[in-house]
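Data block below; observations after.
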Amino acid sequence: MNKTPKKSLSTAEIVQSGLKKRYRAERRFRLFGVLAIVISLMFLVILFADILWKGAPAFRQTHIKIDVFFDPALIPLNNSDRADYRGLVKKNLRNLFPEVSGRRPKRELNKLISSGAAYELREMVVADPGLVGTTSELWLPADDAVDIFFKGYTEGDRFSERQRKWLKTLQDEGRLRKQFNVALFTNGDSRDPELAGILGALSGTIFTLLITVLISFPIGVATAIYLEEFAAKNRLTDFLEVNINNLAAVPSIIFGLLGLAVFINFFGLPRSAPVVGGLVLTLMTLPTIIIAGRAALKAVPPSIREAALGIGASKMQTIMHHVLPLAMPGMLTGTIIGMARALGETAPLLMIGMVAFIVDIPKTFTSPATALPVQIYLWADSPERAFAERTSAAIIVLLVFLIVMNATAVVLRKKFERRW
Amino acid sequence: MPLTFLLVLLVLTTVAFCCGHRRSHKVAAEIGGISKLHSRPTYYGSLAALWCALPAIVMYSIWLSFESSIVTNLVVNDLPESLRNLPVSELGLVINDIKNLVSGNIVAKIPNQTILAAAEHYRSLINISQAALAVTMLGFAISGIVVVLRSIKPELKARNQVEKVVKALLLISSSVAVFTTIGIVLSVLFEALRFFQQVPLTDFIFGLKWSPQTAIRADQVGSSGTFGAIPIFTGTLLIAAIAMSVAVPLGLMAAIYLSEYAHPKIRTIVKPLLEILAGIPTVVYGFFAALTVAPMVRGFGSSLGLDISSESALVAGLVMGVMIIPFISSLSDDVINAVPQALRDGSYGLGATKSETIRKVVIPAALPGIVSGILLAVSRAIGETMIVVMAAGLSANLTANPLQTVTTVTVQIVTLLVGDQEFESAKTLAAFALGLMLFIVTLGLNIIALQVVKKFREQYE
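Residue numbers (our numbering), protein chains in the order written: chain S, 5 to 424; chain U, 43 to 503.
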């Protein structure tokens, strides 16, 4: 103290000297925050752009124009649905390139057209037998390799020189064209990408979700009402609540194990059936619906209840006639959000066998089916490039459904949201 | 068939309601108006409807749950000795053939005479059972209606009875959640115990080698199957750790920025956008990881001279981390918002900058909630299935190198169960043992997360 008077800094000066550094730290911290958000949103943008980029071409499918002569020699009149339509397609395709001869070139030529072309012709003839003996100009689906080639992905194709030349000729003659891919929306699964569609998976999903919503909504609403309005505050109620909260956090695949062990092995319900999928997804979505339902009931002000009770309604009447209708929009919102989650769920469905290769479009709740997300999983595993494209297209369809559902929930919430 | 039953029942129930309703009016008319009744006419109608529908539905579900097994047993008992003495699995095939014949599906081989006869037998038994069921249900429904209609009197406390039944139904509904938990525990536990009878628990938990290929035939060589789950556990933890190291910084910083810095307008736009990340189905993330991110990371790695496996833990963890960002950000956002403004004001009053306040005051105050949110996110990362199934590998490597292929608990469950293997084999049962571990760990994490919040949360008035 009494030594050489060292120039002591005042507090203000100490603060001042550190201030620049502190402000820099402040800006840095803020920047980190912005960066975190930008990076997260960038992921979102990249994900959507990637899927759209990959999937958009799948909505259009290359077709080849062929002048088809419905040769009466090949189509027996009395038995028109058993005729050799594959031969018919081949023959008419060869008419375009009369110079082709020999087994190998012929086979290579036939590979350009999809095996689905024969089915199309058959359907046409069965619908209108008068076609036999006439010639018409038809656009028939091309093979998936041609499709990919025509869309401009020429690297890595396995065409021979000859095939490339034919394709060039077809293209020059204007016999190749992309048109809307109807098959994608009207067919079930197929080993041929150009014939594979999502209708089978979509109807499987619809059946599954129908079961889910029909069971989970009433049970969820009933549980919410019981827990929120009737349950006494005791151990049992606490246990129920802890239970529901824990179920909400159980990994979905565990529900699949439950479905496999209980519904299929114990109760003997059929494998791969939408009904089992629906039951499993019901158990999975129940906690979501219950939690949303309770929140909705809680939001109804006590004055409503008191008024109803005051004019002599019983407790049950108060709830059923006054509280529940007011809470319904909130419950519906919760249910839609739960359904949206169930729509995208894949893992439990794998466990109960909804992962099979199923060509037929399911017609009942017990017929073998897959679901849209499972179809995506299956196609994603397929090596053909055309399947990668279709996977993205299926994802786009799935996302559209999800967006519609979530948008409905948001609109519902906005429209019926009430501040008491 | 079930649809017809339900439709008939629905019609009957409606009829019951109308009858009860009308009957109560009639009773009321005799004594001078419905105000003389104990309850409003609707309740008499509802009472009749309930008595019509409930017993029949209960009957129906009991019947259905036992029908198939009883009929199958009867059919099997009538099969010739030679077929009945087949081993269980082959007998199962025969029964399957019979059932397929009955339902008109394609059978594996051309059926012989006995099978055809058995199918015929099965069909007739099912028909008898269905007819009996129809009669019983109708009987129950109609007698229910009759009983109620006859008991309708002015002093019948219909409303109280209806309300009692409804309340009971509500209680039963809320017990579904409990039954689900019990079902999960029992089903997973039973199969896991059967697995541990074949493979000792210590081998499973401490074993270092996982190779679940068991011999399908007894005379097969070399695939006895070893079930040491350590490589799977480490693989799961590795991927979860990568995911968390992506999600925690990004999610937390995003939450801090949104709740402390961002303009309310930006907040209302950005927050739902972030939530979209959580709403995207995981199979989409899996596809994205396997077909877009993996080749990208691999190409990037090879340009650096690194050899990255195309199914590396890095890719799966990275994409999973992106999926978890909104989970962490919205949970942290909530707890950060719950920190009272007075704490911040106090800190500002002492001259702290905003970031200092956040780091030294707000985050410590919100820490229990944030930690609990992170624990929940870890539990989600461990249980996540589709991303790892599509983007991570199958080979159980015991490694901490994120560039190599590892496998996870959920991947193994899926691969063990999606395949052709008889249900009794150790391979299939191993999936349930893994499922048990998964259930215990996620449940534990959830309970710890709840406890953290309960124990350490500061109470601000």
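For each residue, glycine too, the CB sits at the ideal point set by N, CA and C.
Under 8 Å between C-beta atoms of residue i and residue j
i	j	result
residue 242(U)	residue 438(U)	no
residue 196(S)	residue 148(S)	yes
residue 263(S)	residue 356(S)	yes
residue 93(U)	residue 177(U)	no
residue 431(S)	residue 327(S)	Because chain S in this structure spans residues 5 to 424, residue 431(S) falls outside the shown range and cannot be described.
residue 350(S)	residue 274(S)	no
residue 232(U)	residue 269(U)	no
residue 2(S)	residue 117(S)	Absent from the model: residue 2(S). The displayed extent of chain S is 5 to 424, so no value can be given.
residue 344(S)	residue 238(S)	no
residue 67(S)	residue 170(S)	no
residue 399(S)	residue 329(U)	yes
residue 312(U)	residue 320(U)	no
residue 267(U)	residue 287(U)	no
Residue i: contacting residues in chain U (beta-carbon distance under 9 Å)
i	result
residue 350(S)	323, 324, 325, 328, 427, 428, 431
residue 34(S)	299, 303, 396, 397
residue 406(S)	321, 322, 323
residue 301(S)	Per Cβ cutoff of 9 Å: no residues; residue 301(S) is ~12 Å from chain U at best.
residue 384(S)	325, 328, 329, 332, 333, 432
Under 9 Å by beta carbon: chain S residues contacting residue i
i	result
residue 199(U)	Correct list: empty, because the minimum Cβ distance to chain S is about 11 Å.
residue 311(U)	None at all; the shortest Cβ gap to chain S is about 10 Å.
residue 137(U)	Simply none; closest approach about 11 Å.
residue 418(U)	253
Within chain U, partners of residue i - CB distance below 8 Å
i	result
residue 54(S)	330, 334
residue 344(S)	321
residue 256(S)	425, 427
residue 26(S)	395, 398
Cβ neighbours of residue i in the same chain (closer than 8 Å, five flanking residues each side left out)
i	result
residue 388(S)	148, 197
residue 92(S)	72, 74, 75, 78, 79, 122, 125
residue 135(S)	74, 128, 129
residue 348(S)	377, 402, 406
residue 5(S)	Confidence at residue 5(S) is low in this model, with a pLDDT of 48, below 50, so the placement of that residue should be treated as unreliable; the coordinate-derived value is given next. Contacts found: none.
Beta-bridge partners of residue i, as assigned by DSSP
i	result
residue 67(S)	145(S), 181(S)
residue 269(U)	252(U)
residue 140(S)	72(S)
residue 424(U)	According to DSSP, which records beta bridges pairwise, residue 424(U) is partnered with nothing at all.
residue 117(S)	146(S)
residue 447(U)	354(U)
Spatial neighbours of residue i in its chain, beta-carbon cut-off 7 Å, leaving aside the 5 residues before and after
i	result
residue 185(S)	62, 63, 64, 65
residue 259(S)	284, 287, 288, 352
residue 230(U)	474, 477, 478, 481
residue 164(S)	112
Under 8 Å by beta carbon: chain S residues contacting residue i
i	result
residue 495(U)	Under the 8 Å cutoff, chain S gives no residues; its nearest Cβ is about 12 Å from residue 495(U).
Same chain only: Cβ atoms within 6 Å of residue i, ignoring 5 sequence neighbours per side
i	result
residue 89(S)	122, 125, 126
residue 354(U)	445
residue 95(S)	none
residue 282(S)	212, 215, 216
Any non-hydrogen atom of the ligand NAP closer than 7 Å to residue i Cβ
i	result
residue 50(S)	Ligands displayed in this structure: none; no statement on the ligand NAP is therefore possible.
Contacts of residue i in chain S (Cβ-Cβ under 7 Å)
i	result
residue 229(U)	261, 262, 265, 266
residue 107(U)	271
residue 318(U)	48
Partner residues on chain U for residue i, Cβ-Cβ distance less than 7 Å
i	result
residue 223(S)	215, 218
residue 248(S)	219
residue 410(S)	321
residue 244(S)	216, 219, 220
Using a Cβ-Cβ cut-off of less than 9 Å, give me the residues of the segment 388-404 of chain S that come near chain U, in sequence order.
Result list: 392, 395, 396, 399, 402, 403.
Which residues, in order along the segment 307-324 of chain S, keep a beta-carbon less than 9 Å from a beta-carbon of chain U?
Going along the segment 307-324 of chain S in chain order, one finds 318, 319, 320, 321, 324 with a Cβ nearer than 9 Å to chain U.
If the cut-off is 8 Å on Cβ atoms, which residues from the segment 350-366 of chain U count as contacting chain S, listed in chain order?
So the close ones are 364.
Using a Cβ-Cβ cutoff of 7 Å, what residues of the segment 355-381 of chain S are near chain U? List them in chain order.
Under the 7 Å Cβ criterion, the segment 355-381 of chain S contributes 355, 359, 377, 380, 381.
Which residues, in order along the segment 467-493 of chain U, keep a beta-carbon less than 7 Å from a beta-carbon of chain S?
Answer in chain order: 474, 477, 480, 481, 484, 485, 488.
Name, going along the chain, the residues of the segment 36-47 of chain S whose beta-carbon falls closer than 8 Å to a beta-carbon of chain U.
Within the segment 36-47 of chain S, the qualifying residues are 36, 37, 38, 39, 40, 41, 43, 44, 45, 47.
Of all the residues that make up the segment 225-241 of chain S, which are near chain U by a beta-carbon distance shorter than 7 Å?
Taking 7 Å as the upper bound on Cβ-Cβ separation, chain U lies near residues 226, 227, 229, 230, 231, 234 of the segment 225-241 of chain S.
Members of the segment 436-466 of chain U that neighbour chain S once the beta carbon cut-off is set at 8 Å
For the segment 436-466 of chain U, the beta-carbon criterion of a distance under 8 Å to any beta-carbon of chain S is satisfied by 452, 455, 456, 459, 460, 465.
Any C-beta of chain U within less than 7 Å: which residues of the segment 109-121 of chain S qualify?
The segment 109-121 of chain S vs chain U, Cβ under 7 Å: nothing.
Residues of the segment 49-74 of chain U whose Cβ lies closer than 9 Å to any Cβ of chain S, in chain order
The residues in question: there are none.
Using a Cβ-Cβ cut-off of less than 8 Å, give me the residues of the segment 279-293 of chain U that come near chain S, in sequence order.
Contact annotation: in the segment 279-293 of chain U, residues whose CB is within less than 8 Å of a CB in chain S are 291, 292, 293.
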